[in-house]
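Student: All you need for this note's numbering is the position in the sequence shown, starting with 1, plus 128. Just so it is clear, CB atoms sit at the ideal spot from N, CA and C, and this is done for glycine as well. The structure under discussion is supplied below as structure tokens; questions concerning it will follow.
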Amino acid sequence: VLTLVLVASFLQIRYSAEIVSKLFVTNEKIIHNERPSNFLKVNSSMMANDVSPVVGGTIDTTFSQSKELAFNRMNLMTTISGCRIARWIYAPVPTPAETSKFTFLKKHNREGQLRKNGFGFKDCIMQPKEKYLLNNNSYRLIKPMDTIYVPICHILDFIRNFLEDHIKTPVVVISGSLLCFGAFPSNITNKLLQNKFISAWFLINLKGNIPNDKGILHHPKLKPWPFGLKEYPWGYEGKHYYISALRQSWNMTIDSQGLYMGHFNVASNKKSRSFIPNGRKVERSEYYEKISEALYVFSPDGDRPDCYRHYEAIGLGSMPITQLDPFLYRHLEASVVYNNSNWNVSYWNTSKQKRAVNRNMVFQEYWMEYAEREVGNSLQWWDNEGPATINDIKEYVL
Numbered sequence: 129v130l131t132l133v134l135v136a137s138f139l140q141i142r143y144s145a146e147i148v149s150k151l152f153v154t155n156e157k158i159i160h161n162e163r164p165s166n167f168l169k170v171n172s173s174m175m176a177n178d179v180s181p182v183v184g185g186t187i188d189t190t191f192s193q194s195k196e197l198a199f200n201r202m203n204l205m206t207t208i209s210g211c212r213i214a215r216w217i218y219a220p221v222p223t224p225a226e227t228s229k230f231t232f233l234k235k236h237n238r239e240g241q242l243r244k245n246g247f248g249f250k251d252c253i254m255q256p257k258e259k260y261l262l263n264n265n266s267y268r269l270i271k272p273m274d275t276i277y278v279p280i281c282h283i284l285d286f287i288r289n290f291l292e293d294h295i296k297t298p299v300v301v302i303s304g305s306l307l308c309f310g311a312f313p314s315n316i317t318n319k320l321l322q323n324k325f326i327s328a329w330f331l332i333n334l335k336g337n338i339p340n341d342k343g344i345l346h347h348p349k350l351k352p353w354p355f356g357l358k359e360y361p362w363g364y365e366g367k368h369y370y371i372s373a374l375r376q377s378w379n380m381t382i383d384s385q386g387l388y389m390g391h392f393n394v395a396s397n398k399k400s401r402s403f404i405p406n407g408r409k410v411e412r413s414e415y416y417e418k419i420s421e422a423l424y425v426f427s428p429d430g431d432r433p434d435c436y437r438h439y440e441a442i443g444l445g446s447m448p449i450t451q452l453d454p455f456l457y458r459h460l461e462a463s464v465v466y467n468n469s470n471w472n473v474s475y476w477n478t479s480k481q482k483r484a485v486n487r488n489m490v491f492q493e494y495w496m497e498y499a500e501r502e503v504g505n506s507l508q509w510w511d512n513e514g515p516a517t518i519n520d521i522k523e524y525v526l
């Protein structure tokens, strides 16, 4: 009897979780309602106001802990999320000595030494060894529609030394990195895109990583991938500040208005930034608060076009004003102003256009679903328990 009750309860929860509306509105900022945002919507008022629910006439003291877990389980989409969500990783397997040194330096917050030792380029160093394709010939276990994360630093090696010999079933490749830049030769890039077993290649910042070749840039297998929030292998920079701002802004009544002119480093791209009005530098907590109160944020090209400011702003309900190409960065859909040439502060401060942003773009689950829509098929991902589909992971998240 107990078993039947538990099964019935599970089915009821699963079924009710599927019944969601397509849209809900928060202070004239539209949020596309998929599972992560629906979960936040249900709990938003308590999370935002730090209110503990009353259970049986007493305060539930576990709520303050469970709400943090809720936000942490909403896995933020960062510059190294591809390592976590992909079924496989193509990169050199970290040695025990590397892993031990990294763990020690991370534990003692020695960021300078982490950078000096090159750990900033080892996106996936803390991932399970069994995810690495170069670990004990794991490539023999590749299954149809598996996802493979290939850091930009290792794309050329993957194409030259692994692709033709070991990929014998349809797969999807995802490539990203916080620090690595690419400039892949056309002939090498075509080898990947023309391989019959590559169903799609998702790549961050198509402009710059891919030659200015329309035949390649418009190839049906080449798809844009989000840069995401800023995260180093040793941690997400300012995560607690961002989660706090996310909680405070989600589904709250905020009189959002005008433009927030945040500070940006002109030196990273003088050509694109030198003529754009720049704001003053503030503490990170104030920076996120100001973004959440604004309708728009100036976000010009930096050392690369797509940057973490775009995702910081979108997650907090503000629309980035960018110089992005609307085709090469189409994954951001209507959540940014593309190819902007009007940097007049007064214009954006008085703009009456109430544009919608899709705040789910700061969650990994959103981009996993995006990849499946682009490919037109279910894909194999990885969660804490091992290989999984997106439905398994969404059940876990909820």
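Going by beta-carbon coordinates alone, are Ile253 and Pro352 separated by less than 8 Å?
Tutor: No, the Cβ-Cβ distance between Ile253 and Pro352 is not below 8 Å.
Student: Which residues does DSSP pair with Glu359 in a beta bridge?
Tutor: DSSP output for Glu359 lists Tyr364 as bridge partner(s).
Student: Note down the Cα distance separating Thr445 from His347, rounded to an integer number of angstroms.
Tutor: Strictly speaking, residue 445 in this sequence is Gly, with Thr absent from that position. Cα to Cα, the separation comes out at about 32 Å.
Student: Helix, strand or coil, according to DSSP, for Gln241 in the structure here?
Tutor: Note: Gln241 maps to helix in three-state DSSP.
Student: Between the beta-carbon of Gly356 and the beta-carbon of Tyr439, is there less than 8 Å?
Tutor: Contact: yes.
Student: Touch check for the segment 420 to 431 and the segment 399 to 409: three-plus C-beta pairs under 8 Å?
Tutor: The segment 420 to 431, when compared against the segment 399 to 409, does touch it at the 8 Å Cβ threshold.
Student: Using 8 Å as the threshold, is the C-beta distance between Val465 and Met489 below it?
Tutor: It is not a contact, given that the beta carbons lie outside the stated cut-off.
Student: I'd like to know whether the C-beta atoms of Ile344 and Asp434 end up nearer to each other than 8 Å.
Tutor: Not in contact: Ile344 and Asp434 (Cβ atoms no closer than 8 Å).
Student: Which same chain residues, not among the five before or five after Leu261, have their C-beta less than 8 Å away from its C-beta?
Tutor: For Leu261, where only same-chain residues beyond five positions count, the Cβ hits under 8 Å are Trp216, Ile217, Tyr218, Tyr267, Ile270, Ile276, Phe290 and His294.
Student: Grouping DSSP H, G and I as helix and E and B as strand, with all else coil, what is Thr275?
Tutor: Thr275 falls in the strand class under three-state DSSP.
Student: Please specify which runs of the alpha helix (DSSP H), each continuous and at least 4 residues long, are wholly inside the segment 377 to 444, giving them in chain order.
Tutor: Segments of the alpha helix (DSSP H) lying fully in the segment 377 to 444: 398 to 401, 412 to 420 and 436 to 443.
Student: Below 6 Å CB to CB, which residues in the same chain sit around Arg412 once its five sequence neighbours on both sides are set aside?
Tutor: Cβ within range, chain order: Gly366 and Tyr369.
Student: Beta strand (DSSP E) containing Ala328: first to last residue?
Tutor: Start and end: Ile326 to Ile332.
Student: Are the Cβ atoms of Asn257 and Asn265 separated by less than 8 Å?
Tutor: For clarity, residue 257 is Lys in the given sequence; the question names Asn instead. Result no, Cβ atoms of Lys257 and Asn265 do not sit closer than 8 Å.
Student: From Gln376 to Tyr388, what distance separates their C-alpha atoms?
Tutor: One C-alpha to the other measures close to 18 Å.
Student: Can you tell me where the alpha helix (DSSP H) with Ile316 in it begins and where it stops?
Tutor: It spans Ser314 to Leu321 - the alpha helix (DSSP H) in which Ile316 sits, taken as one unbroken run.
Student: Could you tell me how far apart the beta carbons of Pro298 and Phe325 are, in whole angstroms, since I believe they sit closer than 8 Å?
Tutor: Contact flag correct, Cβ pair sits at about 6 Å.
Student: Let me confirm a value: Gly390 is counted as buried when at least 16 other C-beta atoms fall within 10 Å, else exposed. Which label applies?
Tutor: By the 10 Å Cβ count, Gly390 comes out buried.
Student: Mind checking which residues open and close the alpha helix (DSSP H) that includes Phe480?
Tutor: According to the sequence shown, residue 480 is Lys rather than Phe. Unbroken run through Lys480: none, as it is neither H nor E.
Student: In whole angstroms, what separates the C-alpha of Glu502 from that of Lys358?
Tutor: If you take the alpha carbons of Glu502 and Lys358, they lie about 25 Å apart.
Student: By DSSP, does Leu350 sit in helix, in strand, or in coil?
Tutor: Reduced to three states, the DSSP call for Leu350 is strand.
Student: Is the distance from the Cβ of Ile213 to the Cβ of Trp471 below 8 Å?
Tutor: Taking 8 Å as the Cβ cut-off, Ile213 and Trp471 do not qualify as a contacting pair.
Student: Would you kindly work out how many angstroms separate the C-alpha atoms of Asn231 and Glu239, rounded to a whole number?
Tutor: Looking at the sequence itself, residue 231 is Thr, so the reference to Asn does not match. Their backbone Cα atoms lie some 12 Å apart in a straight line.
Student: Given this structure, state the Cα-to-Cα distance separating Asn337 from Phe455, to the nearest angstrom.
Tutor: Between Asn337 and Phe455, the C-alpha separation is close to 15 Å.
Student: Return the first residue and the last residue of the alpha helix (DSSP H) that Pro448 is part of.
Tutor: Note, Pro448: premise wrong, no alpha helix (DSSP H); beta strand (DSSP E) at Met447 to Ile449.
Student: If you follow the alpha helix (DSSP H) that Ser228 is in, where does it begin and where does it stop?
Tutor: Looking at the DSSP string, the run of the alpha helix (DSSP H) that includes Ser228 is Pro224 to Lys235.
Student: By how many angstroms is the C-alpha of Asn340 removed from the C-alpha of Lys409?
Tutor: So the alpha carbons of these two residues sit roughly 35 Å apart.
Student: Do Ile280 and Ile316 have their C-beta atoms within less than 8 Å of each other?
Tutor: Cβ atoms of Ile280 and Ile316: not closer than 8 Å.
Student: Is it true that the CB of Val278 sits closer than 8 Å to the CB of Ser314?
Tutor: Result no, Cβ atoms of Ser314 and Val278 do not sit closer than 8 Å.
Student: Tell me the DSSP bridge mates of Val301?
Tutor: For Val301, which the question treats as bridged, DSSP gives the partners Ile276 and Trp329.
Student: Could you tell me how far apart the beta carbons of Thr223 and Leu306 are, in whole angstroms, since I believe they sit closer than 8 Å?
Tutor: In fact, because the Cβ distance is near 22 Å, the residues do not count as touching under 8 Å.
Student: Is the closest heavy atom of the ligand GTP to the C-beta of Asn397 under 7 Å?
Tutor: In the structure shown, the ligand GTP is absent, as is every other ligand, since no ligand is present at all.
Student: Nearest by alpha-carbon distance to Ile371: which of Lys342, Ala328, Leu423 and Tyr416 is it?
Tutor: When each option's Cα is compared against that of Ile371, the closest is Tyr416.
Student: Under a three-way DSSP split, which group does Trp509 fall into?
Tutor: In the structure shown, Trp509 sits in a strand (DSSP, three-state: E or B).
Student: Less than 8 Å separating the beta-carbons of Cys211 and Asp251?
Tutor: In contact: Cys211 and Asp251 (Cβ atoms closer than 8 Å).
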